[in-house]
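This note's numbering applies: residue 983 is where the first sequence begins, and numbers increase by one.
Using N, Cα and C, we set each Cβ at its ideal position, and we do this for glycine too.
Report on one structure; see the data block that follows.
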Amino acid sequence: MKKDFYITTPIYYPSAKPHMGHAYSSIVADFFARFKRIQGYDVFFLTGTDEHGQKIQRAAEKRGMDPKSFCDEISKTFFDLSKTLNLSNNDFIRTTEKRHEKSVQYLWNILEKKNEIYLSKYSGWYSVSDEAFYSDDEIELVNDKKVSKTSGSIVEWVEEESFFFKLSKWQEPLLKFYKENPNFILPESRRNEVINFVKSGLKDLSVSRKSFSWGIKVPSNKEHVIYVWLDALTNYLSALNFPDTNNKLYKSFWPATIHLIGKDILRFHAIYWPAFLLAAEIKPPKRVYGHGWILSGEEKMSKSKGNILDPIEIINKYGLDPLRYYLIKEVSFGNDGNISQDKLENCINSDLANNYGNLCQRVISFLEKNLEMKVPNNFEFNIDDKKILDTFNKDFNKLVDSIDSQDINYYVNFIQEQLFASNKYFNDQEPWKKKENKKRLNTILYVSLELIRKISVMLYPIIPNSSLKVLKAFNISEESIDINSIKLHENLKINQKLNKISILFKKIEKND
RNA sequence: GGCGGGGUAGCUCAGUUGGUUAGAGCGCGGGACUCAUAAGCCCGAGGUCAGUGGUUCGAUCCCACUUCCCGCUACCA
């Protein structure tokens, strides 16, 4: 059984500053990466920026900058965000790097050599004001002039020399590929969209541009730059040192386990990308998951409160882990999620402060007052104790499966149930009434500590900083965190002295 | 227009391969306790499961229609 796991975020297009959608993709990818690491996998987690294309070139010109300096500046904001979000990425790739350029040109050459690319003319009705091409049925005749039906702007017939990728040829192979790999595109509803699209017929794809220069040159014809998507998608290979397919990274991690993307760029990842790769005889990735969008409640966009969608502002105000937890917990993964400051505050108070934070606090402070912070030694589990501890092994396989099938919500719900159960356990056992029964008191505390340990391990991929505060207080180092340890009931060494922890999550004062 | 998904408690959502009292979290009301971040625990109120019609012994779940919302319908990324 191979224990390698390669996960990617989209590489972000730095034409504007990072928003909540970027943060969401990254946070979820980090969640999977961290989980697989504590499951013992060798993980390669990649993120980065996609820096070529006309839009960037124009944005740079507007600012009176050369495109590269412009990209350096904006790419840095995304790099900084990856730090702010505490991402555990192994690499941060930029498409303006030499290693990437080499990789893209190499892929291009393969395609060209295999006759998958040919030179022809791109023609169509182009609207200068819309910066868009329209097909015959999208234009109409008004006052003897051809205009776009949608925008009404005048269109003109344009022809431009362009290289084409023989996408049409890959229609049937793609459909076959989807059929043989039913989980290649997830969630299922998205897969159906893609399959319908492919079934409706694929035209050859224009994969070069002459109209602007900010991109990777076509090796055989320097007047052309390579189409941004062929360029951008290849980043997933470049970071593994492609075209050197004999190096360790490539051999271990390709094909990628999962490309995590937003639903808006599904087509590029689910159609073009596997088509390019099949054509080049490179294995396509194993899975493409198109998650939903993060939306903010309509009335929440008030100017006075500021824009909820700005991840940096939210993190400054509430902290990183609360945002990570909130996004992972409350967004139904795969669907669009409505977020609001109000919901975030509720989530922090109930789930993090009252439930998890307070559980840690009440148990540890009880341990301090009664057992001088030492893990109890003389104890014996009864049926109730065993039952609550056993939940974790009973459902362990389901938990692991939920991650492998990207059922994040199952995973988080399980944690929440265990938090409720643990608080209830402490309540029902009433250790404060058992001070004369030392052995029972020891047992209740040992069980409670074990529950906190197990839950904190499970929380590590979601809220690494907070989880680590607890685990470190339990003398568990980050490197030694192992998801399999939640199956153990006596993992905490007896008599060891634990450390105090400060309040994990401060409650938000609600004023209304 | 075509294809697809959806309308379930105040809010966010789960669920039912059709079967006695439809679930969770949050919010709300009440109770007992006190280790804890006035946290936690227990109990409770709240739903004609979008509407209409049909199939069925029986439908929230199947079918048809109506209505509302959303997604996809290729070369901006």
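- prompt: What is the DSSP secondary structure of Thr1239, reduced to helix, strand or coil?
  reply: Three-state result, Thr1239: coil.
message: Let me check one thing: in DSSP terms, what residues is Val1207 bridge-paired to?
response: DSSP, once it has assigned bridges, lists Arg1191 and Lys1199 as partnering Val1207.
- prompt: Where does Val1124 land, buried or exposed, given buried means 16+ other C-beta within 10 angstroms?
  reply: When all chains shown are included, Val1124 counts as exposed.
- prompt: Per DSSP, Ser1085 forms a beta bridge with which residues?
  reply: DSSP, once it has assigned bridges, lists no residue as partnering Ser1085.
- prompt: CB-CB under 6 Å to Ser1234, same chain, minus the five flanking residues each way: which ones, in chain order?
  reply: Residues Asp986 of the same chain have their beta carbon placed closer than 6 Å to that of Ser1234, with the five preceding and five following residues left out of the count.
query: Leaving out five residues before and five after Leu1215 in sequence, what residues of the same chain have Cβ atoms less than 8 Å from its Cβ?
result: Apart from sequence neighbours up to five positions away, the residues of its chain that approach Leu1215 with a beta-carbon distance below 8 Å are Phe1250, His1251, Tyr1254, Trp1255 and Phe1258, ordered along the chain.
query: In three-state terms, what does DSSP make of Arg1019?
result: When secondary structure is reduced to three states using DSSP, Arg1019 falls in the helix class.
- prompt: Helix, strand or coil: which one does DSSP assign to Thr1425?
  reply: In the structure shown, Thr1425 sits in a helix (DSSP, three-state: H, G or I).
task: For Thr1425, collect the residues of the same chain with a Cβ closer than 8 Å to its Cβ; drop the 5 residues on either side in sequence, then sort them by chain order.
output: So the qualifying residues of the chain are Pro1358, Phe1361, Glu1362, Phe1363, Asn1364 and Asp1367.
message: Between which residues of its own chain and Lys1482 is the CB-CB distance below 6 Å, once the five residues before and five after are set aside?
response: Correct list: empty, nothing qualifies.
- request: Using alpha carbons as the reference points, say which of Lys1245, Val1189, Phe1052 and Ser1449 lies closest to Gln1039.
  value: The shortest Cα separation from Gln1039 among Lys1245, Val1189, Phe1052 and Ser1449 belongs to Phe1052.
query: Just the Cα atoms here: how many angstroms apart are Gln1388 and Lys1420?
result: Separation of Gln1388 and Lys1420 (C-alpha to C-alpha, rounded to the nearest whole angstrom) is 44 Å.
- prompt: Ends of the beta strand (DSSP E) at Phe1024?
  reply: Before going further, note that residue 1024 is Asp rather than Phe in the sequence given. Segment Asp1024 to Thr1031, the beta strand (DSSP E) holding Asp1024.
field: Inter-residue spacing [alpha-carbon to alpha-carbon] between Asn1229 and Trp1236
entry: Roughly 11 Å between the two C-alpha positions.
- prompt: Looking only at DSSP bridge pairs, what is Ile1276 linked to?
  reply: The partner list for Ile1276 (beta bridge, DSSP) reads Gly1319.
Local conformation of Ile1465 per DSSP, three classes: The three-state reading of DSSP puts Ile1465 in helix, counting H, G and I together.
Residue span of the beta strand (DSSP E) that contains Arg1076, given as start and end: Counting along the chain, the beta strand (DSSP E) containing Arg1076 begins and ends at Asp1073 to Arg1076.
field: Identified DSSP bridge partners for Ile1136
entry: Answer is Val1129, bridged to Ile1136.
task: Measuring alpha carbon to alpha carbon, tell me which of Tyr1307, Lys1469, Leu1353 and Leu1231 ends up nearest Ile1476.
output: The residue from Tyr1307, Lys1469, Leu1353 and Leu1231 with its alpha-carbon nearest to that of Ile1476 is Leu1353.
query: Using the C-alpha atoms, what's the distance from Asp1048 back to Lys1287?
result: Only weak support exists for where Lys1287 lies, its pLDDT of 38 falling under 50; the coordinates are left without a value.
- prompt: What are the boundary residues of the alpha helix (DSSP H) that Ser1171 is part of?
  reply: Run containing Ser1171: Glu1170 to Lys1181, per the alpha helix (DSSP H) assignment.
field: Neighbour-count burial assignment, Gln1478, 16 or more Cβ in a 10 Å radius
entry: It counts as exposed.
field: Element boundaries [alpha helix (DSSP H), containing Lys1297]
entry: For the sequence presented, residue 1297 should be read as Ile rather than Lys. Its alpha helix (DSSP H) spans residues Pro1293 to Tyr1300.
- prompt: Applying the criterion that 16 or more other CB atoms from any shown protein chain within 10 Å of the CB defines a buried residue, is Asn1337 buried or exposed?
  reply: By the neighbour-count rule (16 or more Cβ atoms within 10 Å), Asn1337 is buried.
query: What are the start and end residues of the beta strand (DSSP E) that includes Glu1079?
result: Per DSSP, Glu1079 belongs to no beta strand (DSSP E) and is neither H nor E.
message: Going by DSSP, what residue range makes up the beta strand (DSSP E) through Ser1529?
response: Only positions 983 to 1494 of the chain appear in the structure, and residue 1529 is not among them; the question remains open.
- prompt: Excluding five sequence neighbours on each side, which residues of the same chain lie with their C-beta closer than 7 Å to the C-beta of Phe1456?
  reply: Here the set comprises Arg1435, Leu1474 and Leu1480.
query: Excluding five sequence neighbours on each side, which residues of the same chain lie with their C-beta closer than 6 Å to the C-beta of Leu1149?
result: Leu1184, Asp1186, Leu1187 and Ala1257, listed in sequence order.
task: Could you spell out the range, first to last residue, of the beta strand (DSSP E) harbouring Phe1408?
output: From DSSP, Phe1408 is part of no beta strand (DSSP E) but of the alpha helix (DSSP H) over Ile1390 to Gln1411.
task: Put Thr1373 into one of helix, strand or coil per three-state DSSP.
output: Residue state for Thr1373 is assigned as helix, using DSSP reduced to three classes.
- prompt: In terms of DSSP beta bridges, what is Ser1144 paired with?
  reply: Answer by DSSP bridge pairing, in chain order: Ser1102.
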